[in-house]
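Numbering (this note's numbering), first residue to last: 1373 to 1617.
Report on the structure given below.
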Amino acid sequence: MTNGRAMYLAYDHGFEHGPEDLPAKSIEPKYILDIAAVGKYNAVILQKGIAEKYYTDTQYQKQVPLIMKINGKADIWKGGDLYPLQNCSVEYAEKLGAAAVGYTIYLGSAYDGEMFRDFGRIVEEAHNLKMAAVAWIYPRGEFVKDDVSPEMTAYAARIGLELGADMVKIKYSGSTDNFRQAVEAAGKTRVVLSGGPRLDQEEQFLEIIKSVIQAGGAGVAVGRNVWQHPKPLEITERIRKIIFG
Ligand code: FBP
């Protein structure tokens, strides 16, 4: 992180959404690691297997820090509430060179209590190893009427603070004022934007990032809008200008 601001490149989509989310060259992990390194991202976000086979003990490890995503779900089961279990220990993430760990919580799932418990322990383990803990907090489930309402988004951000997250990754809530409510609710926990599916209009995506920064957000942890872009390094530079000036 630089001056409290952050530009992270997320690449856990092969797990979360399947290879159909990884068109053309983006199926190849080295393509993404090159974007992260050349584009000077503050971190790349990977699951354990990709870190182990493509990052650890390579030149990428010297070029770009790693946030290891340590839980996840596949996009097949539609039968009810989600509880993505941990698939990598904090200790092993550290061994593979991670500076931070990331964990998804579905706020509103019948199992959100289990995810709070698990992430609470992960925060302790990470801090004991002087690593940061990042919470992806997405309101989801039958009782969540609008997952990006200002109230839900602020609640997600607040849960991150209450659980001890160093950073929370949340979706955009529609306006600068709405997003500011989430940033305020997060207190000393930094807030980054989760990008969403690639927008045809890149200006629209950049406007959202501007709004996040104006609202006091720390930056972005985005994937598809960068590496599904025909010129990922060009959009990276435009993102960088907004975040770092
Ligand atoms: P994007 O910027 O591509 O949306 O990536 C952010 C992210 O949180 C990924 O880390 C994760 O794989 C994905 O979105 C989850 O998306 P969802 O659960 O909304 O389908």
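Backbone N, C-alpha and C define an ideal beta-carbon position, used for all residues, glycine too.
If you're wondering where the values come from, they're calculated on a predicted model, not measured in any experiment.
- At the C-beta level, Tyr1510 and Lys1560 stay beyond 8 Å of one another.
- Boundaries of the beta strand (DSSP E) around Gly1591: 1591-1594.
- Note that the C-beta distance between Ala1498 and Ala1507 is not below 8 Å.
- The C-beta of Ala1557 has 16 or more other C-beta atoms within 10 Å across all chains shown, which makes the residue buried.
- For Val1473, the enclosing beta strand (DSSP E) has its first and last residue at 1470-1479.
- The segment 1378-1453 is shown to contain whole beta strand (DSSP E) runs of 3 or more residues at 1378-1382, 1415-1419, 1438-1441, in chain order.
- Rounded to the nearest angstrom, the Cβ distance from Leu1454 to Ser1481 is 5 Å, consistent with a contact under 8 Å.
- As the crow flies, the alpha-carbon of Thr1476 is around 9 Å from that of Gln1458.
- Excluding residues up to 5 positions away in sequence, Ala1557, Ala1558 lie with their Cβ nearer than 7 Å to the Cβ of Arg1530 in the same chain.
- The alpha-carbon separation between Trp1449 and Leu1479 amounts to approximately 18 Å.
- The C-beta distance from Tyr1427 to Gln1419 rounds to 11 Å, too long to meet the 8 Å contact threshold.
- Taking 8 Å as the cut-off, the Cβ atoms of Gly1589 and Leu1381 do not count as close.
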